[in-house]
Amino acid sequence: MRSRAPDAVSAWMRFTDFIAAATDLGMPTGFLQEIGADYTIVMGDKDAILPRIDMLILRRDTLGAVDELSPDLPFGERSAIYTLYHEATHAWLDLHADASPVAGVIADGEAHYTDAPLTDGRATSDAHRLFQEAAGDYVGSRMAHWWAALADLAVAAATGTLTEARRAAIASAYEAAQSETVFGYSPEGGLLGIGAAQVETERPAPDELRAFLDCVLLEGKVPSGFAAVPAFARFSAGSGR
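Read in the working numbering, the sequence shown has 210 at position 179, and its numbers run on one by one without any break.
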């Protein structure tokens, strides 16, 4: 485990506290634990990673939104969960970039996104970055949809409004959201990356990439089918807290 400078302790402690709370709620956290052990985690003015020095930067607002994970009293966690899982995906891919099978996943992903069409009619000029953003967006989005469904279930249960119809509506919304297949953007224009626009791709993520991320990073805990999500099972119609 890396030694940590004093100014990084608060961010690292809040990150590890988030991991502990997320684990209790049934969220996939194994790869987050790797990041907590091998990356320096600091607070800054943006959410990003600096792979050359193994540093994860998180905004105070991002960490603050997940200081107390409580699905039956949601407080802006969804966006922060997306960001944490998105950036942690970048960090994890960086940690394992030279090892099998991750090196092959990255190579195949970059090949898949070479010349991928963008929503502005152009083709990407940066397949490497598009692959990275597609992977991060996929993991972050699936966790954000997972959290949204959990919060809807928990709030409905806490308020006595979790009817069969309400549960079915939550399930339908979850499955519709998790059916999305297009993820990621390509930075285009600007000078040396400064002022570049984030232009989304139109190319779906490859099945192999999604299957790998589902299994390895998401640990099989975030399936597309609502009924298959272990954390949702305790919320039956008419259930309370």
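Ideal placement from N, C-alpha and C gives every residue a C-beta, glycine not left out. It should be emphasised that the depicted structure is a prediction, and the values quoted were computed from it without experimental measurement.
Positions of the alpha helix (DSSP H) runs, each at least 4 residues long and wholly inside the segment 58–141, are given as 61–69, 91–96, 108–126 in order along the chain.
When G135, V136, F62, L249 are compared, the shortest CA-CA separation from W123 is found for F62. According to the DSSP assignment, V170 belongs to the alpha helix (DSSP H) that extends over 158–189. In the pairwise beta carbon analysis, the segment 236–249 is classified as touching the segment 167–183: at least three pairs are separated by under 8 Å. For the 7 Å CB-CB criterion, Y216 and E206 do not form a contact. Residue pairing for L149: DSSP places it in a beta bridge opposite T232.
Beta bridge pairing from DSSP links V213 with P235.
By the criterion of at least three beta-carbon pairs nearer than 8 Å, the segment 76–84 is not in contact with the segment 134–148. Taking C-alpha positions only, D139 is separated from A200 by approximately 37 Å.
Distance from the CA atom of Y144 to the CA atom of Q163, rounded to whole angstroms, is 10 Å. Membership of I225 in any alpha helix (DSSP H) is not indicated, and neither H nor E is assigned to it by DSSP.
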